[in-house]
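Positions in the sequence shown are counted from 1; adding 1160 to them yields our numbering.
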Amino acid sequence: MINYFESAKIKFEQLKQKKDLIVLGIETSCDETSVSVVKNGRELLSNIIATQIEIHNQFGGVVPEVASRNHILMIDKVFKKALETAKISLGDIDAVAVTYGAGLVGALLVGVNFAKSLAYALNVPCVAVSHVEGHIFANFLTHKNLKPPFICLMVSGGHTAILKMKNYTEYKLLGSTADDAAGEAFDKVARVLGLPYPGGLYIDNLAKSGKANIEFTKNKAFKDGLDFSFSGIKTAVINYINNKKMKNEPIIKEDVCASFQKYVVEDLSDKAMKACKFEAIKKLVVAGGVGANSQLQCNLKELCKQNDISLFVPDLKLCTDNAGMIASNGYYKILAGENLANLNLTAKPTVSLK
Ligand code: KG4
Ligand code: ZN
1161 MINYFESAKI
1171 KFEQLKQKKD
1181 LIVLGIETSC
1191 DETSVSVVKN
1201 GRELLSNIIA
1211 TQIEIHNQFG
1221 GVVPEVASRN
1231 HILMIDKVFK
1241 KALETAKISL
1251 GDIDAVAVTY
1261 GAGLVGALLV
1271 GVNFAKSLAY
1281 ALNVPCVAVS
1291 HVEGHIFANF
1301 LTHKNLKPPF
1311 ICLMVSGGHT
1321 AILKMKNYTE
1331 YKLLGSTADD
1341 AAGEAFDKVA
1351 RVLGLPYPGG
1361 LYIDNLAKSG
1371 KANIEFTKNK
1381 AFKDGLDFSF
1391 SGIKTAVINY
1401 INNKKMKNEP
1411 IIKEDVCASF
1421 QKYVVEDLSD
1431 KAMKACKFEA
1441 IKKLVVAGGV
1451 GANSQLQCNL
1461 KELCKQNDIS
1471 LFVPDLKLCT
1481 DNAGMIASNG
1491 YYKILAGENL
1501 ANLNLTAKPT
1511 VSLK
């Protein structure tokens, strides 16, 4: 009798020829349980997201064990709702795509085990997707005609990088962060300011009524290349706040947020522009949660206009974690014949950008 993986290999190959492909995506890398149904990599038939933000908020950040337990409680309900919303039945699923890393291992394992069980039960291929790569694919769901090559500014909670996307599965890393990711810096600064988790959106909102009049550091790190460093600015802001507290001086949170955000946004935008120029590519794609930042979007819009570059940003709800982007990535992996997973697929805390 032919075993599951042998049959999955044959089906994986056959899927390339199929006219319409329905991929079910699963995402549980952090504090969002999400299941989505995507047709042909571009059409979002459903994208159900159960967020745990309120649960973790009381702890000031994600508690891994609590995250895993809540994924277990939610995944079945989210899965059923995703099928219902997409108006499909189990037999319509051609393949299952799942985030296997990077993320919290316990949280990832819930999604990975659910995906493997489902793929086995339905006798369909299971595709392993990297979460960071997945973020880029939120753009293919938003912009139906977007095609590689393009430059991607990847700004998530865990990664900050600039990539040259050569095609749907091959990319070149042009720059990355030496320490903190941009989102991590936003969240840590927000925490010291006493703002809820995750802090990026709160900083974004407070900055709107603040003045960028505090100079935290004189020089930007890695000013000349395409690499980043955000630990310096993060520490400078935290020291500034602690100093003020020690001296019992008032802290104007709005100004702190505006000054910190201006530094980060300008650094990200300048380097994204530089990458487009170095590579002579006139298409810039933004990916990851910090991509939702209003000042970053505004700055990039202006700079892209000046430099005749087309700018692509995902819909706001697709900037942060969702399974739609995972299903879309899964679709393109199927077409390229990559990342077919066996039943020994496991969760990985880190997945490096190539
Ligand atoms: O991409 P994502 O889901 O994280 C990872 O995959 O690691 O994005 C979450 C990050 C958090 O750090 C959050 O604070 C940040 O995105 N974020 C923002 C905004 N909305 C979310 N940062 C700045 N401005 C925003 N409006
Ligand atoms: Zn993410």
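Glycine is no exception: its CB is placed at the ideal position from the N, C-alpha and C atoms.
Judged by DSSP secondary structure, V1416 falls within the alpha helix (DSSP H) whose first and last residues are 1413-1439. In this structure, L1175 places its C-beta atom within 9 Å of the C-beta atom of L1181. The beta carbon of S1290 lies closer than 6 Å to those of V1511 in the same chain, with the five residues before and after it left out. By the criterion of a C-beta distance shorter than 6 Å, L1460 is surrounded in its chain by S1429, L1471, once the five residues flanking it on both sides are discounted. Under DSSP, I1186 takes part in a beta bridge, and its partners are V1195, V1258. Burial check for G1385: the Cβ neighbour count within 10 Å stays below 16, so the residue is exposed. Residue F1390 holds the alpha-carbon nearest to the alpha-carbon of V1424 among E1187, F1390, V1445.
Each residue's CA atom was taken as its position, placing N1283 and S1167 some 8 Å apart. By the Cβ rule, the stretch 1414-1424 counts as touching the stretch 1352-1364, because three or more pairs are nearer than 8 Å. By the CB criterion at 9 Å, V1258 and I1186 fall inside the cutoff.
Residue selection by CB proximity (closer than 5 Å to any heavy atom of the ligand ZN) returns S1316, D1481 in chain order.
Straight through space, the alpha carbons of A1501 and D1340 are spaced by roughly 31 Å. Here G1335 carries a strand assignment [DSSP, helix/strand/coil].
Assigned with DSSP and collapsed to three states, N1207 falls in strand. In this structure, C1312 has its CB at a distance of at least 8 Å from all heavy atoms of the ligand KG4. With 16 or more neighbouring CB atoms inside 10 Å of its own CB, C1436 falls in the buried class. In the displayed model, M1161 falls within coil according to three-state DSSP, outside both helix and strand. Unbroken alpha helix (DSSP H) stretches of 4 residues or longer found wholly inside the stretch 1282-1343: 1291-1302, given in chain order. Counting every other CB atom within 10 Å of its CB across the protein chains shown gives D1347 a total of 16 or more, marking it as buried.
Contact annotation: D1387 and G1343 have beta-carbon atoms that are not nearer than 9 Å. At least one heavy atom of the ligand KG4 falls within 8 Å of the beta-carbon of L1361. Between the alpha carbons of K1276 and I1248 lies a distance of about 20 Å. Between the stretch 1485-1495 and the stretch 1237-1245, the count of Cβ pairs shorter than 8 Å is below three; the stretches do not touch.
Look at F1346: its beta carbon is less than 8 Å from one of the heavy atoms in the ligand KG4.
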